[in-house]
Amino acid sequence: MDTTFHVIDRTSWERNIYFEYYFSQIKCKYNLNACLDITHLRKVQQERELRFFPLMLYVIMHAVNQNKEFRMSFNTEGELGYWEEVVPSYTLFHSENQTFTDIWSEYHTDLDMFYRTVVEDMDRYRNVTGVIKARPGQPANFCPVSCLPWLSFTSFSQDTYTDNLFLFPLIRFGKFTEEGTRTKIPVSVFVSHAVADGYHTCKLINDMQEIADRM
Numbered sequence: 003m004d005t006t007f008h009v010i011d012r013t014s015w016e017r018n019i020y021f022e023y024y025f026s027q028i029k030c031k032y033n034l035n036a037c038l039d040i041t042h043l044r045k046v047q048q049e050r051e052l053r054f055f056p057l058m059l060y061v062i063m064h065a066v067n068q069n070k071e072f073r074m075s076f077n078t079e080g081e082l083g084y085w086e087e088v089v090p091s092y093t094l095f096h097s098e099n100q101t102f103t104d105i106w107s108e109y110h111t112d113l114d115m116f117y118r119t120v121v122e123d124m125d126r127y128r129n130v131t132g133v134i135k136a137r138p139g140q141p142a143n144f145c146p147v148s149c150l151p152w153l154s155f156t157s158f159s160q161d162t163y164t165d166n167l168f169l170f171p172l173i174r175f176g177k178f179t180e181e182g183t184r185t186k187i188p189v190s191v192f193v194s195h196a197v198a199d200g201y202h203t204c205k206l207i208n209d210m211q212e213i214a215d216r217m
């Protein structure tokens with residue numbers, strides 16, 4: 003896991019005026035929802051007899067790690083910057099009592115290594131209940147991802163009621179559905195406007211589509 007943190011020189015950063023505007027004045031965050039075509043991804047899953055969630059998680063995290071706007075945060079000294087890479091933090095649902103726990107996994111660019119790592123972590127922590135953070139030691143460079151497999155939603159929104167310094171995106175995906183010969187899945191990205199405009203979020207989602215198409 004590469005935990006290198008790159009501090010941004012805000013005196014020369016091209017986005018500094020936008021960051022100040024949306025972080026300090028307007029304090030704007032937004033959701034962008036899209037529907038991905040995962041026909042090829044499902045074919046790969048079925049042919050290799052793999053679990054779907056780790057594959058979709060790879061698509062999302064690989065795209066996030068291609069776009070530094072979605073790896074931004076403050077370090078312990080309060081300096082703005084971006085991580086060289088971020089790791090997935092994701093939820094495990096406990097059907098016996100309808101609760102969930104969070105765990106995290108190492109990120110790997112190699113699909114097979116990423117898949118094995120996530121599956122092993124899911125199996126290791128699946129029975130840990132009664133806490134929110136089932137796996138201790140979550141690093142500072144994490145990106146939250148969760149799944150709503152019970153519904154193929156068309157929109158997803160969320161909000162917070164206090165100011166915070168959290169700049170990572172919150173990414174959700176829902177139930178995939180068959181539409182003729184194609185398979186589609188809804189994805190929602192909750193973004194801090196201070197670090198990413200519509201262009202950047204559209205690029206992130208388009209990168210997810212490209213990754214799903216070539217796996």
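Residue 217, in this note's numbering, is where the sequence shown stops; the numbers in between run on with no holes. By construction, the Cβ of each residue, glycine as well, lies at the ideal position given by its N, Cα and C atoms. If you're wondering where the values come from, they're calculated on a predicted model, not measured in any experiment.
Residue i classed as buried or exposed, judged by whether at least 16 other C-beta atoms fall within 10 angstroms
| i | result |
| --- | --- |
| F178 | buried |
| T103 | buried |
| Y201 | exposed |
| R174 | buried |
| L153 | exposed |
| K70 | buried |
Straight-line gap, residue i to residue j (C-alpha atoms, nearest Å)
| i | j | result |
| --- | --- | --- |
| Y92 | R128 | 12 Å |
| E180 | E16 | 43 Å |
| V130 | N18 | 43 Å |
| I213 | T119 | 19 Å |
| A142 | N166 | 15 Å |
| G182 | E49 | 20 Å |
| H42 | D215 | 6 Å |
| K271 | L172 | Here the chain has residues from 3 to 217 only, and residue 271 is not among them. |
| T13 | Q27 | 19 Å |
| K186 | E98 | 29 Å |
| V121 | S159 | 29 Å |
Bounding residues of the alpha helix (DSSP H) (the contiguous stretch that carries residue i)
| i | result |
| --- | --- |
| C223 | Nothing about residue 223 can be reported from this structure: the residues present for the chain run from 3 to 217 only. |
| Y117 | L113 to Y127 |
Run of the beta strand (DSSP E) containing residue i, from where it starts to where it stops
| i | result |
| --- | --- |
| N35 | K31 to D39 |
| P188 | R184 to S194 |
| I173 | L172 to G176 |
CA nearest to the CA of residue i, picked from the options
| i | options | result |
| --- | --- | --- |
| M217 | Q68, E98, I40 and V189 | I40 |
| F155 | P188, P138 and S148 | P188 |
| Y60 | N33, Y84, E71 and F116 | F116 |
| N67 | E122, F144, N35 and Q47 | F144 |
| D209 | F7, I62 and G132 | I62 |
| F7 | C30, I207, T78 and N35 | T78 |
| H64 | D161, E86 and R53 | E86 |
Secondary structure, alpha helix (DSSP H): runs of 4+ residues fully inside the stretch 5-69 | 18-22, 41-50 and 54-66
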